[in-house]
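In the UniProt record's numbering, the protein residues as written are 1 to 100. To keep things clear, I will list the structure first and then write my remarks on it.
Structure follows, in C-alpha cells:
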C-alpha cells in the first residue's frame, strides 16, 4: 500500500468530494471531536471508503486488506462509508464517534 495523497486542514465535505465515486480507499483522519461536556479531542480514525458503485473485485481486495491496514496505521476506530459523499459528513463522523 502507498500513500496516494495527503490533505492538511481539509473539511470533511471537501474530503468527501476528493474521494473517488467508484473506487474504495482507506483514509486516516485526525478529527476534531467536540464532546457534549465541552471537551475537545482529536481521535485518529480510519475511514473505510467503499462506495457501492465500486467494482466487486476491487471491494473484495479492499476488504481483505482492511485489518492489516488498520493494524499498520495503529487506528482503533473504523468508520465504514458505503453511500458516497452523502455518507461522509461532519455530522455522521461525530455521531459515530460519540455514540458508536
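Each residue gets a CB set at the ideal place from its N, CA and C atoms; glycine is no exception.
Burial state of residue i, where buried means 16 or more other Cβ atoms lie within 10 Å
i	result
residue 61	exposed
residue 46	buried
Nearest candidate by alpha-carbon position, reference residue i, set the options
i	options	result
residue 94	23, 73 and 78	78
residue 87	42, 7, 99 and 16	16
residue 96	34, 7 and 23	34
residue 43	59, 36, 92 and 28	28
Residue j beta carbon less than 7 Å from that of residue i
i	j	result
residue 82	residue 52	yes
residue 18	residue 48	no
residue 22	residue 54	yes
residue 90	residue 12	yes
residue 50	residue 59	yes
For this session: Quick one: which unbroken alpha helix (DSSP H) runs of 4-plus residues sit fully inside the UniProt domain "ADF-H" (1-98)? Chain order, please.
Result: 12-18 and 56-73
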